[in-house]
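Each residue of the sequence shown is one higher than the last, beginning at 246 in my numbering. Positions of the beta carbon are idealized from the N, C-alpha and C atoms, including for glycine. Notes for the one structure printed next.
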Amino acid sequence: MIRSTRRQIVILDRRGLIEEAHGSYGAAEEEYRRLIGKDVAP
Numbered sequence: 246m247i248r249s250t251r252r253q254i255v256i257l258d259r260r261g262l263i264e265e266a267h268g269s270y271g272a273a274e275e276e277y278r279r280l281i282g283k284d285v286a287p
C-alpha cells in the first residue's frame with residue numbers, strides 16, 4: 246500500500262489504505278474543518 250524511499254513516500258493503494266484505517270482516515274482533517282471552517286492544506 247505504501248512505498249518509501251529517501252525523502253519520498255508514495256501511496257500505492259489509497260483505497261486499501263483508507264479501508265485499513267477503519268474509519269479513522271481523514272477524521273482529524275474533518276474535525277479541523279468543522280472547528281476552524283477551512284481546509285488544513287492550501
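Here DSSP, grouped into helix, strand and coil, assigns R248 to strand. A check of alpha carbon separations from L257 across E264, R248 and E265 identifies R248 as the nearest.
Its chain contains I263 as the residues whose beta carbon lies nearer than 6 Å to that of Y270, once the 5 sequence neighbours on both sides are disregarded; these appear in chain order.
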